[in-house]
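Let me begin by presenting the structure, written as structure tokens, before commenting on it.
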Amino acid sequence: MDGVDDSAVGRSGTDLSTRSRRLSTGVFAGGVVVAAVLMFWGAWERRWIADDGLIVLRTVRNLLAGNGPVFNVGERVEANTSTLWTYLVTAAAWVTQIRLEYVVLGLALILSTGAVVLAAFGAARLYRWRMRGAAGTVLLLPAGVLVYIAVPPARDFATSGLESCLVIFWIALLWLLLVRWATPDPDADAGDPGASLPGTPYILGTAFVAGLGPLVRPELAVLAAIALAMLFLAPGLTPRVRVAMVAVAGVVPVAYQIWRMGYYGLPYPNTAVSKDAGGAKWAQGLDYLANLVGPYLLWLPGVFLAIVAGIVLYTSRVVPTTPTDPGTARFPVPRDAAAAKTLLLRGRCALRTPTATVVFIVGSGLLLAVYSVRVGGDFMHGRVLLPALFCLLLPVAVVPLRVPDRSERQDRRTVATAIAAGLMWSGTVVWAFFAAGTTGMPEGAVVGRSGIVDERAFYALNTGHEHPILAQDYLDYPRMRAMVEAIEDTPNGGLLLPTGAFDVWDVVPPPEPIPEGGAGHTVFFLNLGMTSMNVGLDVRVIDQMGLAYPLAAHTERLEDGRIGHDKALFPDWAVADSGMVDVHPWLPPYLDEEWVAEAHVALTCPDTQELLASSSAPLTWPLFKRNLRNAFEYAGYRIDRVPEYEIQRCGLELPPE
85 MDGVDDSAVG RSGTDLSTRS RRLSTGVFAG GVVVAAVLMF WGAWERRWIA DDGLIVLRTV
145 RNLLAGNGPV FNVGERVEAN TSTLWTYLVT AAAWVTQIRL EYVVLGLALI LSTGAVVLAA
205 FGAARLYRWR MRGAAGTVLL LPAGVLVYIA VPPARDFATS GLESCLVIFW IALLWLLLVR
265 WATPDPDADA GDPGASLPGT PYILGTAFVA GLGPLVRPEL AVLAAIALAM LFLAPGLTPR
325 VRVAMVAVAG VVPVAYQIWR MGYYGLPYPN TAVSKDAGGA KWAQGLDYLA NLVGPYLLWL
385 PGVFLAIVAG IVLYTSRVVP TTPTDPGTAR FPVPRDAAAA KTLLLRGRCA LRTPTATVVF
445 IVGSGLLLAV YSVRVGGDFM HGRVLLPALF CLLLPVAVVP LRVPDRSERQ DRRTVATAIA
505 AGLMWSGTVV WAFFAAGTTG MPEGAVVGRS GIVDERAFYA LNTGHEHPIL AQDYLDYPRM
565 RAMVEAIEDT PNGGLLLPTG AFDVWDVVPP PEPIPEGGAG HTVFFLNLGM TSMNVGLDVR
625 VIDQMGLAYP LAAHTERLED GRIGHDKALF PDWAVADSGM VDVHPWLPPY LDEEWVAEAH
685 VALTCPDTQE LLASSSAPLT WPLFKRNLRN AFEYAGYRID RVPEYEIQRC GLELPPE
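For what it's worth, the working numbering labels the leading residue of the sequence shown as 85, then goes sequentially.
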């Protein structure tokens, strides 16, 4: 140019690009730090361990004591839904040698915070590729992660002792791995961007992580299967690599599944039997969905972020020209145009693309939401919908806002779209500020007609502890101290049954002669976690809905029962099953001698005996094989909770009156 030093112009342009890149990197890094701090701080401010979280720790105690992965010594019952969470807590406790509740709290804080960070990095990779070479400065700002953090149940279940933290961490890790697998490095050589895609070791590592899905939670097997299908069917892999991928993905879950079926006699955790996880309660599930979406106006940030995503798709440049053009090449493709076209027509090339990855994660969120609604949701406010919400927010975990450069500021459309995107992002931040302080269930500590409760508020109120974390905090829950005292006052042992009074338990004594050291105690109570963590491992703890009690788990579901609590075994069965004295005056007056006698007879049903033996008989190789062969049959077996009807079902004779 006349009168202008071209080299100076070049240096100026380079300096401007460098400053823009540094600003973009700094803003993104700052946003990730802010999101991580908010997640950690929010989880810490609402830290607690739920009664259901303490159930996990009972199994961990038995593992560490050498009794195996059981809830009660001598009974092979998988009382925890997340296998990986159980063993992760066990490993951390063994390594650190600190109190179990603190192990769980520390793991939960780390995993919950890590999930937010991974989510942000995955979305950032997408947008850096999508908006590569865009004029102006592209700022990657936290958005979807702020929405998730703002929802109070997300912060409640960031700790809680349950596997929620591990679930979102696994989802976020799989998301990031798939995004990096499908999206070339934005800084790669423009002539061959496919060369920057991860290779075989990375694919095998991703397959391994995906394969862990069913061990994180059984329903995540669907996400794992779809992700593995994408990896397996994408072009560019040799048959040997595909075989290796299947082996790597399946080695842990398949081996565990075989062991589970032989050891426990079930194809999935006992909790799925107890809650009839395959059943359908659509109306209750829709109420549960409204219970989460309605109070926080969750649809509002959804609209805001959908508009931002639409603006990004509309304004970002993708130029489909040649197979090696950086606008279209997302993986190595054949040089021959006809061969490439053939692959595209088959649809296989489309699997390894950012678009396919986004469709996968959004579709996964919808599938999880539909499944949760179908089974009726849960009794804990928002809990089972959190993974679905997290999936739906991942593609907009961070969003790009492009600041036009000077040459574009005269273009009204460019400026208008930039302003619109900024306003939508600002609206999301404002919504998050108000939603974070919203009480979704003002009377959530009371179990109403819906059966849904703010679980954290419920236990904080009923224990008198703002942050109930230790098992001993739950001694202040009604009946707990009385239970401990009743055990101490009955050295001969017996069956403890709760009464209407919060400070009294009925104890059904064992028959004489009493063995040396006593006959042992059995506690029959709904709240398994606080009960089992405040007694020794020698105390058998069972419940009427069957989370840790196969006999109750295999009863029929009550159609109008509270979700998650819709099985209720009569205590007469517990008297008969535990072998305690079954006549008055030793039997509590509200129990009927005839019903107990009928329960004795019902328990002799051959099919029921075989079912109970699958988890209580000494584990021999023949029993292991029988369990493996009949696991699905055992899972579907049901008994009638009314002893007389169960006798009729089995074709047995009623006891003499």
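Ideal Cβ positions, reconstructed from N, Cα and C, are used throughout, including at glycine.
| Asked | Found |
| --- | --- |
| Opposing strand residues paired with Leu223 [DSSP bridges] | Leu485 |
| Alpha-carbon spacing of Phe415 relative to Thr322, whole angstroms | With a pLDDT of only 39 at Phe415, under 50, the local geometry of the prediction cannot be trusted, and the value read off the model is given with reservation. Each residue's alpha carbon lies about 15 Å from the other. |
| Expected contact under 8 Å - CB spacing of Leu225 and Val111 to nearest Å | 7 Å |
| Element boundaries [beta strand (DSSP E), containing Ile287] | No beta strand (DSSP E) holds Ile287; the alpha helix (DSSP H) holding it covers Thr284 to Gly295. |
| Alpha-carbon to alpha-carbon, Ser248 and Thr399 | 37 Å |
| Residue range of the unbroken beta strand (DSSP E) whose run includes Arg490 | Run containing Arg490: none; DSSP gives neither H nor E here. |
| C-beta atoms of Val591 and Gly578 nearer than 8 Å | yes |
| Between the CA atoms of Val300 and Leu315 - distance to the nearest angstrom | 20 Å |
| For Ala603 and Trp589, believed in contact at Cβ under 8 Å, the rounded distance | Rounded, the Cβ-Cβ distance is 17 Å, inconsistent with contact. |
| Proximal residues to Glu677 (C-beta, below 6 Å), its chain only, five neighbours per side dropped | Val667 |
| Leu435 beta carbon less than 8 Å from that of Ser228 | In the sequence as displayed, the identity of residue 228 is Gly instead of Ser. Taking 8 Å as the Cβ cut-off, Gly228 and Leu435 do not qualify as a contacting pair. |
| Inter-residue spacing [alpha-carbon to alpha-carbon] between Val188 and Tyr232 | 22 Å |
| Pairwise C-alpha distance: Phe586 and Asn611 | 14 Å |
| Any non-hydrogen atom of the ligand SAM within 7 Å of Asp136 CB | This structure lacks the ligand SAM, and indeed carries no ligand of any kind. |
| Backbone secondary structure at Asn618 - three-state DSSP | coil |
| Distance, Tyr171 Cα to Ser510 Cα | 42 Å |
| Integer Cβ distance of Ser108 from Thr221, believed to fall under 8 Å | 6 Å |
| Straight-line Cα distance separating Tyr186 from Leu288 | 34 Å |
| Inter-residue Cα distance where the pair is Pro479 and Val442 | 6 Å |
| Three-state class that DSSP yields for Gly578 in the structure shown | strand |
| Same chain only: Cβ atoms within 8 Å of Leu296, ignoring 5 sequence neighbours per side | Leu168, Trp254, Ala308, Val336 and Pro337 |
| N-terminal and C-terminal residue of the alpha helix (DSSP H) that Asp371 is part of | Trp366 to Tyr380 |
| Helix, strand or coil at Asp557 according to DSSP, with G and I counted as helix | helix |
| For Phe608: DSSP bridge partner residues | Ile626 |
| Cβ-based neighbour list, Gln670, same chain, cut-off 7 Å, excluding 5 preceding and 5 following | Per the sequence shown, residue 670 should be read as Trp rather than Gln. Counting only Cβ-Cβ distances below 7 Å, and skipping sequence neighbours, we find Val592 and Pro593. |
| CB contact flag (Pro575, Phe608, <8 Å) | no |
| Buried or exposed (CB count within 10 angstroms, at least 16 for buried), Arg103 | exposed |
| Straight-line gap, Ala658 to Glu596 (C-alpha atoms, nearest Å) | 18 Å |
| At least 3 beta-carbon pairs within less than 8 Å: the stretch 545 to 561 vs the stretch 131 to 146 | yes |
| For Val592: DSSP bridge partner residues | Leu579 |
| Close beta carbons around Ala421, own chain, < 6 Å, minus the five adjacent residues each side | In this prediction, Ala421 has a pLDDT of 49, which is less than 50 and means its spatial position is unreliable; what the coordinates show is noted afterwards. Same-chain partners within the cutoff: there are none. |
| At least three beta-carbon pairs within less than 8 Å, the stretch 682 to 693 to the stretch 619 to 627 | no |
| For Ala242, the nearest candidate out of Ile194, Val387 and Leu450 (CA to CA) | Ile194 |
| Span separating the alpha-carbon of Leu451 from that of His465 | 20 Å |
| Coarse secondary structure for Asn156, derived from DSSP in three states | strand |
| Burial state of Lys709 (16 or more Cβ within 10 Å) | exposed |
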